[in-house]
Amino acid sequence: MKYKLKPMNFLIRVFVFTIFLIVTANPAQADGHVPDVPAVTARAAILMDAETGRVLYAKNAEQKRPPASTTKIMTALLALEGGNLQQEVTVSPRAAMVGEASLDLLTGEKLSLEDLIYGAMLRSGNDACVAIAEHIAGTEANFVLMMNQKARLIGAINTNFKNTNGLPAKNHYTTTRDLALITRYALKNTNFKKIVSTRDRVIGTQNMHYLNNTNRLLWNYSWVDGVKTGTTNEAGNCLVASATREGRQLISVVFYSDNRWQDSIKL
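Using mature numbering (1 follows the signal peptide of the UniProt record, and there is no 0), the letters of the sequence shown correspond one by one to residues -30 to -1, 1 to 237.
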């Protein structure tokens, strides 16, 4: 009497055989070793290859969250693409009034556009961002429109900016994936790369402003070369970091982290 293999039994055997082939073809898994997954405290995180855009790690990477001052990555990018770095900018009363993290700019103070970008990216000057926006687009609102248009062009479709500096605002959000895409694009700009890798700088002529980069990793690791911190109560501690070793650059983004420095190094 011939035994007829039931369809379900046949499918199970095929499945088991397939798993066997996969495991035996991968030595790391065949010996029981599974690559470690970073245990990060951040509520959302991503690690991306800067050259290829390949995502190497993701945790809630599509979750929309406030980016705090990492917003300034886009502000700096547009200023570098659309302005003359040596052109003099006069600080308006509106820009001078912006508080929180600031350069303490004075109404009527004159600085080069380049100095303002350094002030925005190193000291995280919110007032510098407004001065940049008004210089490039006439008003901050017009500049924000440009920011959102640029985000769409880059492919950051889950991003919506409401201001230039990341101060708390309704419907101001992005994702770690989108911000990694924006940063990847920005790092192709030579001036952007130079600015975000700078540890300290003195800017201004009328008033001297001494800047230390808020990105602590730049001071502690020689292979770290960018890019921007961000902190608000709503956003928590955020960090976009980049590092290059043996010719390969990686971009990490962590949002609302208990320890953004350790999380970024783990990634």
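Ideal placement from N, C-alpha and C gives every residue a C-beta, glycine not left out.
For ARG64, the enclosing alpha helix (DSSP H) starts and ends at 63 to 67.
In the same chain as GLU110, and ignoring 5 residues on each side of it, the C-beta atoms closer than 7 angstroms to its own belong to VAL100, ALA103, GLU104, ASN133 and THR134, in chain order. In this structure, the straight-line span from the alpha carbon of ILE124 to that of LEU81 is close to 30 angstroms. Taking a cut-off of 8 angstroms for Cβ pairs, the region 216 to 235 and the region 201 to 208 touch, as three or more such pairs fall below it. Membership of LEU188 in the alpha helix (DSSP H) is indicated by the continuous run 187 to 190.
Distance from the CA atom of PRO138 to the CA atom of MET178, rounded to whole angstroms, is 29 angstroms. Of the residues assessed, LYS164 falls on the exposed side of the cut-off, its CB having fewer than 16 other CB atoms within 10 angstroms. Cβ contact annotation for ASN141 (same chain, cutoff 8 angstroms, sequence separation greater than five): ASN130 and LYS132, in chain order. A contact is defined here as three or more CB-CB pairs under 8 angstroms, and the region 57 to 66 fails this definition with respect to the region 166 to 173. Rounded to whole angstroms, the separation of the alpha carbons of ALA9 and PHE162 is 31 angstroms. Here the region 43 to 57 lies against the region 142 to 159, with 3 or more beta-carbon pairs under 8 angstroms apart. Closest by C-alpha distance to VAL197, out of GLY108, VAL210, LEU115 and VAL61, is VAL210. For GLN219, the pairing in a beta bridge is given by DSSP as THR214.
Rounded to whole angstroms, the separation of the alpha carbons of ILE173 and ASP85 is 6 angstroms.
The C-alpha of GLU51 is placed about 22 angstroms away from the C-alpha of ARG147. Taking the CA atoms as reference points, ALA28 sits about 10 angstroms from VAL223. Taken through DSSP and simplified to helix, strand or coil, THR160 comes out as helix. Cβ-Cβ distances below 8 angstroms link ASP195 to LYS163, VAL166, SER167, LEU188, SER212, ALA213, THR214 and GLN219 in the same chain, with the five nearest sequence neighbours on each side left out; the list follows chain order.
Boundaries of the alpha helix (DSSP H) harbouring GLU84: 83 to 91, taken from the DSSP string.
In chain order, THR129 place their CB closer than 6 angstroms to the CB of ALA121, counting only its own chain and leaving out the 5 sequence neighbours on each side.
Counting the other Cβ atoms within 10 Å of the Cβ of TYR180 gives fewer than 16, which makes it exposed.
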